[in-house]
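A quick write-up on the structure given underneath.
Residue numbers (this note's numbering): 2 to 359.
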């Protein structure tokens, strides 16, 4: 297959990663007549429960990757901590979207911030921390509370530590794993918002409205869509997402997390080149969900206007909260999604509930 071919229903989408994002992507693909093939190291992964085939192997297993590439028509990934070498290896054998270039930016916090700033888009003020000896001086120079973040492999608040005073620097360095870090000046924000953009092979971009995200212990708990009382900044937030997805020249979906500040600034916090937890409401809340638009982009169809149906809220089910599935399912206003994970651990995303508010 060439990168310009339109894939017909029945074609196979390869998905790197077997979690809930892969699961919901595969379900969207099946609704459009496409098959999915999961590649992940885990047995009985959530995505494997709803797909035709799974290759259970490590991401560095080149023989397994070659067989996987030969069995699929296009490849995507459900999280950005897939090894860069895995995506680069596959890209020489089968179309991969988003490409390795976008992945390289989004899985490296420093590269991501430099990229965003080079487009003239704001972020928190930051410094590179190569070793702990320079950290106290950097904290002092930023003049206020800071957040130390590991440069790679961070998500849901992992690999981060708050530093209020320079004398806390050493403990923070050890807490994030004693590795290359980025130090960010703490941002006093009104709220956190995110925008999801989808881009197809022809370069057409569509955006979902900015939503408000509320967290508990650094884990997303509640999303309100569209973000309430945010109409005056919706256009600006979506414009940032468009510039970023075009700047990455990526095919697929990009989630842009931002801090909305009281002075009107929108500062980019993180990018995710994949479907995003804050976009789960789009399954019921839009005519075309974030997952459906990802599939459309992958197979060569034009991305479609989301067709927002009205206001919605999404609530993550964390840990044993999913045990109340029967009561949740009895609510006619609730759309309950359970991910099929075998073990409920504190803070683990076991499912979500969406309610349409209008």
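In this text, a Cβ means the ideal position worked out from N, Cα and C, and glycines have one as well.
Since this is a predicted model, take the numbers as computed values, not measurements.
If we count the other Cβ atoms within 10 Å of its Cβ and call it buried at 16 or more, is residue 114 buried or exposed? If you number the chain shown from 1, residue 114 lands on position 113. Classified as buried, residue 114 has 16 or more neighbouring CB atoms from the shown chains inside 10 Å of its CB.
Determine, using beta-carbon pairs with one atom in the region 316–330 and one in the region 338–346, whether at least three such pairs fall under 8 Å. Segments in contact, yes.
Given residue 2, which residues of its chain have a CB within under 6 Å of its CB, disregarding the five upstream and five downstream residues? Here residue 2 refers to the residue found at position 1 of the chain shown. Low confidence applies to residue 2: its pLDDT is 47, below 50, so where it sits in the model is not reliable, and the reading given next is rough at best. Listed in chain order, the non-local C-beta contacts of residue 2 below 6 Å within the same chain comprise 74, local neighbours out to five positions each way being set aside.
When you compare the region 280–298 with the region 25–32, are there three or more beta-carbon pairs, one atom per stretch, that lie closer than 8 Å? Pairwise C-beta distances place the region 280–298 in contact with the region 25–32, as three or more of them are shorter than 8 Å.
Environment of residue 119 [buried if 16+ CB atoms lie within 10 Å]: Position 118 of the chain shown holds residue 119. With fewer than 16 other Cβ atoms within 10 Å, it is exposed.
How long is the line joining the alpha carbons of residue 44 and residue 198, rounded to whole angstroms? The residue given as residue 44 occupies position 43 in the chain shown. The residue given as residue 198 occupies position 197 in the chain shown. Cα to Cα, residue 44 sits roughly 32 Å from residue 198.
For residue 360, name the three-state secondary structure that DSSP assigns. Because residue 360 is not part of the residues shown, which for the chain are 2 to 359, the question remains open.
Identity of the residue in 90, 294, 98 and 310 nearest residue 29 by Cα: The sequence position of residue 29 within the chain shown is 28, counting from 1. Shortest Cα-Cα distance from residue 29 to any of 90, 294, 98 and 310 involves 294.
Is residue 18 closer than 8 Å to residue 83 when the C-beta atoms are compared? Residue mapping note: residue 83 aligns to position 82 of the chain shown, counting from 1. Residue mapping note: residue 18 aligns to position 17 of the chain shown, counting from 1. Yes. Within cutoff.
Rounded separation between residue 354 and residue 312 - CA only: By one-based count along the chain shown, residue 354 stands at place 353. By one-based count along the chain shown, residue 312 stands at place 311. If I take the Cα positions, the gap works out to 14 Å.
Compare the beta carbon distance of residue 225 and residue 242 with 8 Å and say whether it is the shorter of the two. On the chain shown, position 224 is the one that residue 225 refers to. On the chain shown, position 241 is the one that residue 242 refers to. Not in contact: residue 225 and residue 242 (Cβ atoms no closer than 8 Å).
Unbroken beta strand (DSSP E) run spanning residue 25, endpoints: Position 24 of the chain shown holds residue 25. Run containing residue 25: none in the beta strand (DSSP E); it sits in the alpha helix (DSSP H), 21–32.
Please state whether the Cβ-Cβ distance between residue 35 and residue 275 is less than 8 Å. The sequence position of residue 35 within the chain shown is 34, counting from 1. The sequence position of residue 275 within the chain shown is 274, counting from 1. The Cβ atoms of residue 35 and residue 275 do not sit closer than 8 Å to each other.
How about the region 243–254 and the region 298–314: do they share at least three Cβ pairs that are nearer than 8 Å? These segments touch.
Quick check on residue 2: does DSSP put it in helix, strand or coil? Walking along the chain shown from the start, residue 2 turns up at place 1. Low confidence applies to residue 2: its pLDDT is 47, below 50, so where it sits in the model is not reliable, and the reading given next is rough at best. If DSSP states are grouped into helix, strand and coil, residue 2 belongs with coil.
Quick check: the Cα distance between residue 47 and residue 338, rounded to an integer number of angstroms? Residue 47 sits at position 46 when you count from the first residue of the chain shown. Residue 338 sits at position 337 when you count from the first residue of the chain shown. Straight-line Cα distance between these residues: approximately 12 Å.
Quick check on residue 372: buried or exposed, where buried means 16 or more other Cβ atoms within 10 Å of its Cβ? Outside the displayed range of the chain (2 to 359) lies residue 372, so it cannot be described from this structure.
Helix, strand or coil: how does DSSP classify residue 15 here? As a position in the chain shown, residue 15 is number 14, starting the count at 1. Reduced to three states, the DSSP call for residue 15 is strand.
Name the one or two DSSP bridge partners that residue 149 has. In the chain shown, counting from the first residue as 1, residue 149 sits at position 148. Answer is 162 and 184.
Check for me: the beta strand (DSSP E) holding residue 127 runs from which residue to which? One-based indexing of the chain shown puts residue 127 at position 126. First-last of the beta strand (DSSP E) with residue 127: 127–130.
For residue 83, which three-state DSSP category applies? Within the chain shown, the letter at position 82 stands for residue 83. Three-state result, residue 83: coil.
Taking the Cβ atom as the reference point for each residue, do residue 125 and residue 188 lie within a distance shorter than 8 Å? As a position in the chain shown, residue 125 is number 124, starting the count at 1. As a position in the chain shown, residue 188 is number 187, starting the count at 1. By the CB criterion at 8 Å, residue 125 and residue 188 fall inside the cutoff.
Could you say if the region 132–146 and the region 178–193 meet the contact criterion of at least three C-beta pairs nearer than 8 Å? Cβ pair count under 8 Å is three or more, so yes.
Check whether the region 128–142 and the region 86–99 touch, using three or more Cβ-Cβ pairs below 8 Å as the test. Not touching, per the Cβ criterion.
Around the Cβ of residue 52, are there at least 16 other Cβ atoms within 10 angstroms (buried) or fewer (exposed)? Against the chain shown, residue 52 aligns to sequence position 51. Around the beta carbon of residue 52, 16 or more other beta carbons sit within 10 angstroms, so the residue counts as buried.
Let me confirm a value: residue 38 is counted as buried when at least 16 other C-beta atoms fall within 10 Å, else exposed. Which label applies? Here residue 38 corresponds to residue number 37 of the chain shown, with the count starting at 1. Looking at its Cβ environment, which holds 16 or more other Cβ atoms inside 10 Å, residue 38 is buried.
If you draw a straight line from the alpha carbon of residue 86 to that of residue 61, how long is it in whole angstroms? As a first step, residue 86 is located in the chain shown; it is residue number 85 there, counting from the start. As a first step, residue 61 is located in the chain shown; it is residue number 60 there, counting from the start. One C-alpha to the other measures close to 8 Å.
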